[in-house]
Amino acid sequence: MGVSTQLNYFWFNLFILFFCFSISSIYGSEVDCVYTVYVRTSSKIKAGTDSIISLTLYNANGYGIRINNLEAWGGLMGPGYNYFERGNLDIFSGRGPCLNGPICKMNLTSDGTGSGHGWYCNYVEVTVTGVHRECRQQHFEVEQWIATDHSPYQLTFIKNLCRKTKSGEYLSVSAEDLPASVENLSFSGEDLPASVENLPVSGENLVVFDAAVM
Numbered sequence: 112m113g114v115s116t117q118l119n120y121f122w123f124n125l126f127i128l129f130f131c132f133s134i135s136s137i138y139g140s141e142v143d144c145v146y147t148v149y150v151r152t153s154s155k156i157k158a159g160t161d162s163i164i165s166l167t168l169y170n171a172n173g174y175g176i177r178i179n180n181l182e183a184w185g186g187l188m189g190p191g192y193n194y195f196e197r198g199n200l201d202i203f204s205g206r207g208p209c210l211n212g213p214i215c216k217m218n219l220t221s222d223g224t225g226s227g228h229g230w231y232c233n234y235v236e237v238t239v240t241g242v243h244r245e246c247r248q249q250h251f252e253v254e255q256w257i258a259t260d261h262s263p264y265q266l267t268f269i270k271n272l273c274r275k276t277k278s279g280e281y282l283s284v285s286a287e288d289l290p291a292s293v294e295n296l297s298f299s300g301e302d303l304p305a306s307v308e309n310l311p312v313s314g315e316n317l318v319v320f321d322a323a324v325m
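Okay, here's the thing in structure tokens:
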């Protein structure tokens, strides 16, 4: 084997090593968690909506992810299903970067489009899990109209459950605030369903940002 051939072989192996390391870094650190979102629409008359609903989730430090369109991002109810209708419990799920610490704040927003845009949401519940990570769940009670034609006449609802310490820092809600059935749950990689591999990862409907004002 000539010197030139040996050099080519060396650079080829170096390239393969670098490529594998890059792929491992991308998929091993950035896309680690599965987010499942449950949204309950009220049974009140005209509580349903055809508007696009977005959801932003924060940890106690203000880092978070914004899902621009819940239905397009991870709707699990099947083809032809009508989301956010009166009395619905809608489920959405997708993959995304893990946040450091539990989720303790949310921003729920309607774009106000469609006929009868008004929407009365009972609650949003978010579950986050990943390989070798504890399963965390947060319940956000809403119980109000998200509309411009019903009080409080706003298309955005913000719920902040992050606790502030005497030093001014925020703490997330602890397991004491979670339902008893959730406190003892944990998931390993073997516990995750095989279908997780097919969940959406990111794209135009998922935005990751570094910090936000609490």
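Here our numbering is used: the first residue of the sequence shown is 112, the next is one more, and so on. We put the CB at the ideal spot given by N, CA and C, even for glycine. These numbers were taken from a predicted model, which means no experiment stands behind them.
Could you check what DSSP says for residue i in three-state terms: helix, strand or coil?
| i | result |
| --- | --- |
| A258 | strand |
| G189 | coil |
| E196 | coil |
Identify which residue in the options has its Cα closest to the Cα of residue i.
| i | options | result |
| --- | --- | --- |
| G207 | V239, N233, S154 | V239 |
| T152 | S204, I163, E196, I164 | E196 |
| T259 | G229, A183, I214 | G229 |
| H250 | V150, C144, V145 | V150 |
| L219 | L210, V242, V237 | V237 |
| R274 | N193, S221, Y169 | Y169 |
| V253 | G175, L187, N193, M217 | M217 |
| D143 | C215, E245, A183, D161 | E245 |
| S204 | I269, L266, T224, M188 | M188 |
| G175 | G225, V235, N211, L200 | N211 |
| N233 | I214, Q248, D201 | D201 |
| Q265 | Y231, G241, V242 | Y231 |
| S221 | S154, H243, V145, D161 | D161 |
| I269 | G186, H243, V235 | V235 |
| I156 | G198, G241, V242 | G198 |
| N172 | Y194, T147, W184, I214 | I214 |
| L272 | Q248, I257, Q255 | Q248 |
| T147 | Y192, W256, W184, I164 | W184 |
With DSSP as the reference, identify every bridge partner of residue i, one or two as the case may be.
| i | result |
| --- | --- |
| D201 | V150 |
| T267 | T220 |
| S165 | T220 |
| G173 | Answer is none; G173 lacks a bridge partner. |
| G207 | C144 |
| I156 | I156 pairs with nothing; no bridge assigned. |
| E252 | Y234 |
Shorter than 8 angstroms from the beta carbon of residue i to some beta carbon of chain C?
| i | result |
| --- | --- |
| E254 | Here there is only one protein chain, and chain C is not present. |
By the DSSP assignment, the beta strand (DSSP E) with residue i in it spans what residues?
| i | result |
| --- | --- |
| N179 | Here N179 belongs to no beta strand (DSSP E), and DSSP marks it neither H nor E. |
| G241 | 230-241 |
Looking at residue i and the ligand ADP, is the gap between the Cβ and the nearest heavy atom below 7 angstroms?
| i | result |
| --- | --- |
| V253 | The ligand content of the structure shown is nil, which means the ligand ADP is not present either. |
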